[in-house]
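Working notes for the structure below.
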Amino acid sequence: MDVADVVVLQASYSNPVHAEAIGVLLSHYAEGPMGGGCSLAVDQLQQLPEELAKRPQAFSVLAFAGGQPVGLVNCFEGFSTFACRPLVNVHDVVVLDAFRGQGLSKRMLQKVEDIARQRGCCKITLEVLEGNARAQAAYKACGFASAMLDPAYGRMLFWSKSL
Numbered sequence: 260m261d262v263a264d265v266v267v268l269q270a271s272y273s274n275p276v277h278a279e280a281i282g283v284l285l286s287h288y289a290e291g292p293m294g295g296g297c298s299l300a301v302d303q304l305q306q307l308p309e310e311l312a313k314r315p316q317a318f319s320v321l322a323f324a325g326g327q328p329v330g331l332v333n334c335f336e337g338f339s340t341f342a343c344r345p346l347v348n349v350h351d352v353v354v355l356d357a358f359r360g361q362g363l364s365k366r367m368l369q370k371v372e373d374i375a376r377q378r379g380c381c382k383i384t385l386e387v388l389e390g391n392a393r394a395q396a397a398y399k400a401c402g403f404a405s406a407m408l409d410p411a412y413g414r415m416l417f418w419s420k421s422l
């Protein structure tokens, strides 16, 4: 499938198709090497969209190809005391294996940036495991810069992008 045919949109947690897609994609991520290689509880995955909907600071971006979910970004709005403005923290980025390397994460992160700008955010932050070179390359291509390595958090690299 041509990545140009992929639809990227902000998820509606009350939409059953979107809710199911969030669970399917997050499960895929959790079961992979960067997600820890463990399955998530089915009941938690089913409850997740409802729980996210209770939090106005949460939003998700989904990508669909041919009506099937292929990508997910979960985000939470925080606040920068230094800038006295909100910020967005990207919590999860998922792209199904068959769609990796086609610029899909870039398209989803652009949608996150659009939403962050609409919310008046000053920056977007995210964390990535030190060994996840593919994700680091994708974030760099999107304009993110690596901020620090903090071994206290499991050797995570912290990235940010000012808006």
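Each residue of the sequence shown is one higher than the one before, counting from 260 in this note's numbering.
Just so you know, even glycine gets a beta-carbon here, dropped at the ideal spot from N, CA and C.
The structure presented is a predicted model; accordingly, all values stated were derived computationally and were not measured.
Inset, instruction - May I ask you to verify whether the region 337-355 touches the region 276-285, counting CB pairs closer than 8 Å and requiring at least 3? - result: yes
Inset, instruction - Report yes if the C-beta distance between Val371 and Val349 is below 8 Å; otherwise report no. - result: yes
Inset, instruction - Return yes when the Cβ of Ala342 is within less than 8 Å of the Cβ of Cys381, no when it is not. - result: yes
Inset, instruction - Please name the residue, chosen from Cys297, Leu307, Asp302, that lies closest to Asn274 on a Cα-to-Cα basis. - result: Leu307
Inset, instruction - In the DSSP assignment, find the unbroken alpha helix (DSSP H) run with Pro308 in it and report its ends. - result: 301-312
Legend entry - Enclosing alpha helix (DSSP H) for Gly282 [first to last residue]: 275-290
Inset, instruction - Verify whether the separation of the beta carbon atoms of Ser298 and Ala312 is less than 8 Å. - result: no
Legend entry - Reduced DSSP secondary structure (H/G/I, E/B, other) of Ser298: coil
Legend entry - Delimiting residues of the alpha helix (DSSP H) encompassing Gln395: 392-400
Legend entry - Residue span of the alpha helix (DSSP H) that contains Ser339, given as start and end: Careful: Ser339 lies outside any alpha helix (DSSP H), inside the beta strand (DSSP E) at 327-339.
Legend entry - Buried or exposed (CB count within 10 angstroms, at least 16 for buried), Ser405: exposed
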